[in-house]
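Participant:
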Amino acid sequence: MQLQAFLRRAPSVESTRAELPDDNNLLKAILDAQDTIKVAYTNMYQALDDTVSTYTRHISALREVLQEADKGLAELRLEKRDMHREFSRMCQTFEELLADTKKMHTMEDMMERLGNEQSIEEIIGEEDTLIRMEAYLVDIRELSKIIQCLRGVRKQ
Numbered sequence: 185m186q187l188q189a190f191l192r193r194a195p196s197v198e199s200t201r202a203e204l205p206d207d208n209n210l211l212k213a214i215l216d217a218q219d220t221i222k223v224a225y226t227n228m229y230q231a232l233d234d235t236v237s238t239y240t241r242h243i244s245a246l247r248e249v250l251q252e253a254d255k256g257l258a259e260l261r262l263e264k265r266d267m268h269r270e271f272s273r274m275c276q277t278f279e280e281l282l283a284d285t286k287k288m289h290t291m292e293d294m295m296e297r298l299g300n301e302q303s304i305e306e307i308i309g310e311e312d313t314l315i316r317m318e319a320y321l322v323d324i325r326e327l328s329k330i331i332q333c334l335r336g337v338r339k340q
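Those letters in the sequence shown? Residues 185 to 340, per our numbering, in order.
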């Protein structure tokens with residue numbers, strides 16, 4: 185900016201050249217060089233101004249991109265928190281099912297002990313129940329394995 189102000193205050197080459205006698209070629213060459221330098225500095229200043237404007241636009245665009253990225257990151261954090269809550273609920277459900285399975289084992293043992301003292305109809309009815317309970321126990325054992333895996337994942 186100081187350079188531009190200086191160049192504006194400098195006398196024009198044409199007015200100075202007109203005042204010089206014809207035999208002063210060195211001074212005329214210096215004035216021509218000054219004029220060339222003045223044009224070059226003006227062009228450089230304009231190019232610099234254009235570059236600053238371009239960089240300013242790029243920086244504004246990058247800020248917008250960063251703001252969008254921050255919004256996306258916040259959304260991902262919320263999704264992660266929700267998924268973690270859902271995962272914890274699932275683990276709790278599986279643990280409850282596992283506890284029920286342990287109760288079923290105890291009930292199965294008691295039924296076997298009582299089976300010797302019951303009538304045939306009761307034993308047949310209980311046998312159907314036991315078959316269903318055994319299928320349920322197999323499912324619960326599979327769930328138990330899943331719980332073990334999930335606990336390992338959750339600890340990581």
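Here a beta-carbon is modelled for each residue, glycine too, at the ideal position from N, C-alpha and C.
Rounded to the nearest angstrom, what separates M228 and N209 at their Cα positions?
Facilitator: If I take the Cα positions, the gap works out to 28 Å.
Participant: Going by beta-carbon coordinates alone, are L260 and S328 separated by less than 7 Å?
Facilitator: No, the pair does not count as a contact, with Cβ atoms beyond the cut-off.
Participant: In whole angstroms, what separates the C-alpha of D216 from that of Q230?
Facilitator: Between D216 and Q230, the C-alpha separation is close to 21 Å.
Participant: How long is the line joining the alpha carbons of R265 and L257, rounded to whole angstroms?
Facilitator: Roughly 12 Å between the two C-alpha positions.
Participant: With a threshold of 16 other CB atoms inside 10 Å of the CB of I324, please say whether the residue is buried or exposed.
Facilitator: The residue in question, I324, is buried, as its Cβ has 16 or more Cβ neighbours within 10 Å.
Participant: State the DSSP-derived secondary structure class of M274, mapped to helix, strand or coil.
Facilitator: Three-state result, M274: helix.
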